[in-house]
Amino acid sequence: MKIQYQFKTIILLCTIFQLVSTAQVDKNLEVKLTNGTWEIINKSTGALTKVIGKYDEVDPFVDGAARVRVEKKWGFIDPQGKEIASPKYDFVYDFNEEMADVMLNGKYGFIDKTGKEVVALKYTAAHSFKEGFAAVGINEKWGFITRDGKEIVKLKYENIHDFEEGVAEVMHDHKHGLINKLGKEITPIKYEAVYKQKNTGLIVVKLNELFGVADTTNKKVASVKYSDITDEMTYGMVIVDAKGKKGVVSKQGKEIVPAKYDSVEVLQEGKVKATLNGETVYFDSTGKKIKS
2 MKIQYQFKTI
12 ILLCTIFQLV
22 STAQVDKNLE
32 VKLTNGTWEI
42 INKSTGALTK
52 VIGKYDEVDP
62 FVDGAARVRV
72 EKKWGFIDPQ
82 GKEIASPKYD
92 FVYDFNEEMA
102 DVMLNGKYGF
112 IDKTGKEVVA
122 LKYTAAHSFK
132 EGFAAVGINE
142 KWGFITRDGK
152 EIVKLKYENI
162 HDFEEGVAEV
172 MHDHKHGLIN
182 KLGKEITPIK
192 YEAVYKQKNT
202 GLIVVKLNEL
212 FGVADTTNKK
222 VASVKYSDIT
232 DEMTYGMVIV
242 DAKGKKGVVS
252 KQGKEIVPAK
262 YDSVEVLQEG
272 KVKATLNGET
282 VYFDSTGKKI
292 KS
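Taking this note's numbering, the leading residue of the sequence shown gets 2, the next gets one more, and so forth.
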């Protein structure tokens, strides 16, 4: 869960992706103010640590660090109450994947758990790290950096979304596509929309009123041919429709039963029943034909 403390640049894409951090609030560490002194209480051991330093605000611990504020400046402390980074930044965001994005004078960079600025504060916008990469922008051009600050994806896109299962959405000239962690465009940047189905988790693309599914195993979209993709997953499978013919795709986006049957039904334990011209065939969860 990413805790938003103030407005941060948010990518506005025609998608239903959500900006969600993998970092979690540490429920074992409670922060409280007692008689003007901030205290850290370890609920597991009962240990109490008094924070050295006069802070106006100490936030909950996330990923092993807590944001602290003195007047209008922000920094971090560790669970022992020691400063990781002194309150000198205009704003800081929670650590995620051992890195925290910080902002000073309108420029963003990243620090590590020692407080070292490992990525220079030179970007006009930034997202927290996810899957080892962070989205960064300069003057409305976006790309990705690694933990050591290397720009693995050049800042050339109008908008991008964080990596999810090794795939990220990008936008150029108001068209959408997908890239992998090598920065390779695994689909043409030509789609009207790229989004993630809320209930199934499938990455779907739209072009000329038809839909395709991204195969997260091969990191590509096989074809854009479906008129409908159901938003219900059963035993890791989703039924699709191509001009009235039914098929099945896996949760990875691979078509395991061709969309050519009059009807398709997912049975118990992942068996698929498909009917064509009155004849019925059965498939297992890998798409292999089996006996009924």
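By construction, the Cβ of each residue, glycine as well, lies at the ideal position given by its N, Cα and C atoms.
Between residue i and residue j, is the Cβ-Cβ spacing less than 8 Å?
| i | j | result |
| --- | --- | --- |
| T201 | K255 | no |
| E40 | T50 | yes |
| V120 | F111 | yes |
| V225 | L211 | yes |
| A86 | G65 | no |
| I190 | H177 | yes |
| I78 | E84 | yes |
| Q136 | Y109 | Looking at the sequence itself, residue 136 is Ala, so the reference to Gln does not match. Contact flag unset, no. |
| K74 | Y94 | no |
| V63 | F92 | no |
| V222 | V239 | no |
| A260 | K247 | yes |
Determine the extent of the beta strand (DSSP E) in which residue i is found, giving its start and end residues.
| i | result |
| --- | --- |
| T188 | Unbroken run through T188: none, as it is neither H nor E. |
| N29 | Unbroken run through N29: none, as it is neither H nor E. |
| L203 | Note, L203: premise wrong, no beta strand (DSSP E); not H, not E. |
| A86 | E84 to Y90 |
| F111 | K108 to I112 |
| I240 | M238 to A243 |
| G271 | From DSSP, G271 is part of no beta strand (DSSP E); its letter is neither H nor E. |
| D95 | That residue, D95, is in no beta strand (DSSP E); it is neither H nor E in DSSP. |
| A194 | A194 to K197 |
| V138 | Note that residue 138 is Gly in the sequence shown, not Val. That run of the beta strand (DSSP E) goes A135 to I139. |
| P61 | E58 to V63 |
| A121 | E118 to Y124 |
With residue i and residue j assumed to form a contact (beta carbons below 8 Å), what rounded beta-carbon distance in angstroms separates them?
| i | j | result |
| --- | --- | --- |
| V26 | P80 | Rounded, the Cβ-Cβ distance is 13 Å, inconsistent with contact. |
| I257 | V267 | Not really, about 11 Å apart at Cβ, beyond 8 Å. |
| F284 | K290 | 6 Å |
| Y158 | H173 | 6 Å |
| Y227 | L208 | Actually they do not touch by this definition, with Cβ atoms about 11 Å apart. |
| G245 | G271 | That pair is no contact at about 25 Å. |
| D242 | Q198 | D242 to Q198, Cβ: 15 Å. No contact. |
| M98 | F130 | According to the sequence as given, residue 98 is Glu; it is not Met. Rounded, the Cβ-Cβ distance is 4 Å, consistent with contact. |
| A194 | I180 | Actually they are not in contact, since the Cβ atoms of A194 and I180 sit about 16 Å apart, beyond 8 Å. |
| L156 | I139 | 6 Å |
| P88 | G76 | 4 Å |
| D263 | T281 | That belief does not hold up - the Cβ atoms of D263 and T281 are roughly 10 Å apart, past 8 Å. |
| G82 | I42 | Actually they are not in contact, since the Cβ atoms of G82 and I42 sit about 11 Å apart, beyond 8 Å. |
Could you pull the DSSP bridge partners for residue i from this structure?
| i | result |
| --- | --- |
| R148 | Per DSSP, none; premise fails for R148. |
| A223 | None, per the DSSP bridge assignment. |
| I180 | A169 and E186 |
| N160 | M172 |
| T281 | T276 |
| G248 | V241 |
| L211 | L208 |
| I53 | Beta-bridge pairing links I53 to no other residue. |
| A260 | The partner list for A260 (beta bridge, DSSP) is empty, contrary to what the question assumes. |
| M104 | F92 and Y109 |
**Message:** Across the region 150-157 and the region 87-104, are there enough close Cβ pairs to call them in contact, namely three or more that are closer than 8 Å?
**Reply:** Three or more beta-carbon pairs separated by less than 8 Å are not found between the region 150-157 and the region 87-104, which leaves the two stretches without contact.
Can you confirm whether the region 162-170 touches the region 209-221 when touching is taken to mean that 3 or more C-beta pairs between the two stretches lie within less than 8 Å? At 8 Å Cβ cutoff, the stretches touch.
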